[in-house]
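Scroll down for the structure; my scribbles are underneath it.
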Amino acid sequence: MPSKKYSSHLNTAVLSLLLAVFIWVIANYEQESPRRDRFPSPIPVQVSGLPANMVAVNDPVMQVEVDIRAFASSWDTLTVDSFMATADWSQLQLGVNIVPIEVVCADRTVTIEAVYPETMVVQVEEMAIRQVDVAIELTDQDELPLGYEAMPPSIEPVSVTISGARSFVESVAQVTGSVSLANQRTTYEEVVHPKPVDAQGRVVDDVKVSPETVKVRVIVQKKENFREVAVRARTSGTPERGYFVSSVSVSPSTVTVYGPPEVIDQMGSVVDVQGEIDTTGATRSFVVNVALDLPDEVQVYGASPDEPFEVTVSIGIDAVIGGATVELPLRLINVGEGLTGELSVPVVDVLLTGPSAILDSLDTSLLEATVDVSGLSEGTHQVTPRVSILAGADSPLQQVTIKGIQPEYVQVTLARPPAPGGVPLRTLVPTITPTASPARTP
757 MPSKKYSSHL NTAVLSLLLA VFIWVIANYE QESPRRDRFP SPIPVQVSGL PANMVAVNDP
817 VMQVEVDIRA FASSWDTLTV DSFMATADWS QLQLGVNIVP IEVVCADRTV TIEAVYPETM
877 VVQVEEMAIR QVDVAIELTD QDELPLGYEA MPPSIEPVSV TISGARSFVE SVAQVTGSVS
937 LANQRTTYEE VVHPKPVDAQ GRVVDDVKVS PETVKVRVIV QKKENFREVA VRARTSGTPE
997 RGYFVSSVSV SPSTVTVYGP PEVIDQMGSV VDVQGEIDTT GATRSFVVNV ALDLPDEVQV
1057 YGASPDEPFE VTVSIGIDAV IGGATVELPL RLINVGEGLT GELSVPVVDV LLTGPSAILD
1117 SLDTSLLEAT VDVSGLSEGT HQVTPRVSIL AGADSPLQQV TIKGIQPEYV QVTLARPPAP
1177 GGVPLRTLVP TITPTASPAR TP
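Under the working numbering, the first residue of the sequence shown is numbered 757, with each subsequent residue one higher.
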């Protein structure tokens, strides 16, 4: 047996060790005391165990806040992932349930002091599944081109499965979608997302539709007894000499006709107006209203059946453009006081263009060629001659254009006569020399 002295030393050593540990714990506790506070981020709640034949119909709380107690070193390392909040739905019953929320922390030095909220309210209904036929509405039928019609749509698949809480599934009156017919002229297909709606047409969002899309095919075809045709007008006769038919336009340029299918099929794509538009002797454009030459039992869509349908035909009449060369005598004007003038050439050639009918009967007395020497003094000068049309604004001669004058410059000598009076300039008779112009075919 150990001696009393040995036992005394052992007791002293153990007591010293315990005292050292106690002092160390006290020192560390004073250095890092725990802190109680609200964790700054909400913790998402994970639910589990919902029976397969049930579905939650409300929006239960899916995140919580926690008050914790932890050392300062732990506070610096904690994240949302350090916590796990769970709710067990395996014991739910039909109706309203109060389910507790459990929160744990991966750091065992952390203590969960409080959870807000501690429970969640879950309203449960029985799961229901139905097969519902898809209804497709054809919209914008009034924007379908005239003379076309759409067949009832074909849908693939013809029905879909809807699932969810029984109250929501039973509230679904139909599953519907729409396809626009605006400006459609051919058969086409479109993928549609049908929506479940109640009896008032409101979308039931809490119901799942499977499959989510259907393929809709719509046959658009032309009606056999309708046809869109172009309108044509023909002319006869010849305008006045020197004029030609420059254009023929019809308004409206196309019409839609209807009638017996066998007649419409034989009409072709063009319909003429009744008779021909006579242009004999015309010298200007004109407009006439003419009825269409339609087969029996055929009418224009939208027109009164009791009155013939007329179109407006505009006939453009333009002059044939020609050219001519006219020789005109020159006349000095604005000669300074006390001066006399002498021209190097007595006449100029004037090149004219315009309607042939006007040039053929041109009165040269209505044209004047002059040389203006205003402001010039004694000596020899090069001056540009000018040609004026001596006719009113309404005169057909205003349609004539002066294209050039030859020569472009004439020499004028101004001098003071040795005796009073001046040497009169000789008077010249103008002549016309036609120039060749290309023939225009109306």
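Heads up, the beta-carbon is just placed ideally off N, CA and C, and yes, glycines get one too.
Since the model is a prediction, treat every value here as computed from it, not as a measurement.
Problem - Boundaries (first-last residue) of the alpha helix (DSSP H) holding residue 967 - result: Per DSSP, residue 967 lies in no alpha helix (DSSP H) segment and is marked neither H nor E.
Exercise for the section: Tell me whether residue 1043 is buried or exposed, calling it buried when 16 or more other Cβ atoms sit within 10 Å of its Cβ. Expected result: exposed
Practice task
Assign residue 1099 to one of two classes, buried (16 or more other C-beta atoms within 10 Å of its C-beta) or exposed (fewer than that).
Solution key: Buried, because 16 or more other Cβ atoms sit within 10 Å of the Cβ of residue 1099.
Practice task
For residue 986, count neighbouring C-beta atoms within 10 Å of its own C-beta (all shown protein chains included) and say buried if the count is 16 or more, exposed if not.
Solution key: exposed
Exercise for the section: Please check the pair residue 855 and residue 875, which I expect to be a contact at CB under 8 Å, by giving their CB distance rounded to whole angstroms. Expected result: 6 Å
Practice task
Taking 8 Å as the cut-off, decide whether the C-beta atoms of residue 933 and residue 892 are in contact.
Solution key: yes
Practice task
Assign residue 1097 to one of two classes, buried (16 or more other C-beta atoms within 10 Å of its C-beta) or exposed (fewer than that).
Solution key: buried
Handout entry: Close Cβ partners of residue 1026 (< 7 Å) along its chain, the five nearest in sequence each way excluded
Key = Apart from sequence neighbours up to five positions away, the residues of its chain that approach residue 1026 with a beta-carbon distance below 7 Å are 985, 986 and 988, ordered along the chain.
Exercise for the section: Give, in chain order, every unbroken run of the alpha helix (DSSP H) that is at least 4 residues long and sits entirely within the stretch 794 to 838. Expected result: 828 to 831
Practice task
Can you give me the start and stop residues for the beta strand (DSSP E) that residue 856 sits inside?
Solution key: 851 to 856
Handout entry: Identity of the residues DSSP links to residue 903 by a beta bridge
Key = DSSP, once it has assigned bridges, lists no residue as partnering residue 903.
Practice task
Report buried or exposed for residue 1135, applying the criterion of at least 16 other Cβ atoms within 10 angstroms of its Cβ.
Solution key: exposed
Problem - Extent of the continuous alpha helix (DSSP H) run through residue 924 - result: 922 to 927
Problem - Contacts around residue 996, its chain only, beta-carbon distance under 6 Å, and the 5 residues preceding and following it disregarded - result: 1037 and 1039
Practice task
Report the residue from 952, 1033, 958 and 1066 whose alpha carbon sits nearest the alpha carbon of residue 967.
Solution key: 952
Handout entry: Coarse secondary structure for residue 1002, derived from DSSP in three states
Key = strand
Practice task
Can you tell me which of the three DSSP states residue 952 falls into?
Solution key: strand
Exercise for the section: Confirm, please, whether the CB-CB distance from residue 850 to residue 882 is below 8 Å. Expected result: yes
Problem - Per DSSP, cross-strand counterpart(s) of residue 1124 - result: 1144
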